[in-house]
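Structure first, then comments.
Residue numbers (this note's numbering): 453 to 544.
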């Protein structure tokens, strides 16, 4: 029993850190929700980095009033004016 008490005294920072991590995970799994915004694609751009690799960028306007840039070919191949969705987690 004395060795367990000594172990707890020496490693109290680990126990506090673990408790905080459990609280954070609980908060973000039970007190957040996913919100989906619909938007319209405005334009596409292709840029190249210093190694010559292409970066496909799509600019879209969403119903919440924000204009967001999205990267990747999955958005780039869609025509201008088509509808896209954007999912974000917000606090309830």
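Think of the CB as a built atom: it goes at the ideal place given N, C-alpha and C, for glycine as much as any other residue.
Could you check the C-alpha separation between residue i and residue j for me, to the nearest Å?
{"i": "residue 491", "j": "residue 531", "result": "13 Å"}
{"i": "residue 517", "j": "residue 508", "result": "23 Å"}
{"i": "residue 506", "j": "residue 529", "result": "14 Å"}
{"i": "residue 400", "j": "residue 481", "result": "This structure gives no information on residue 400, because the portion of the chain shown stretches from 453 to 544."}
{"i": "residue 499", "j": "residue 526", "result": "16 Å"}
{"i": "residue 469", "j": "residue 477", "result": "12 Å"}
{"i": "residue 523", "j": "residue 466", "result": "39 Å"}
{"i": "residue 463", "j": "residue 495", "result": "55 Å"}
{"i": "residue 474", "j": "residue 519", "result": "35 Å"}
{"i": "residue 460", "j": "residue 471", "result": "14 Å"}
Is residue i near the ligand FAD, with its Cβ less than 7 Å from a heavy atom?
{"i": "residue 524", "result": "Only the bare structure without any ligand can be found here, which leaves the ligand FAD out of the picture."}
Find out if the Cβ-Cβ distance for the pair residue i, residue j is shorter than 8 Å.
{"i": "residue 521", "j": "residue 493", "result": "no"}
{"i": "residue 489", "j": "residue 537", "result": "yes"}
### Task
Would you mind listing the beta strand (DSSP E) stretches within the stretch 463-531 that are 3+ residues and don't spill past its ends, in chain order?
Taken in chain order, the unbroken stretches of beta strand (DSSP E) that lie wholly in the stretch 463-531 and span 3 residues or more are 484-500, 506-514, 519-523.
### Three CB pairs or more closer than 8 Å across the stretch 533-542 and the stretch 469-485
By the Cβ test, the stretch 533-542 is in contact with the stretch 469-485, since at least three Cβ pairs between them sit closer than 8 Å.
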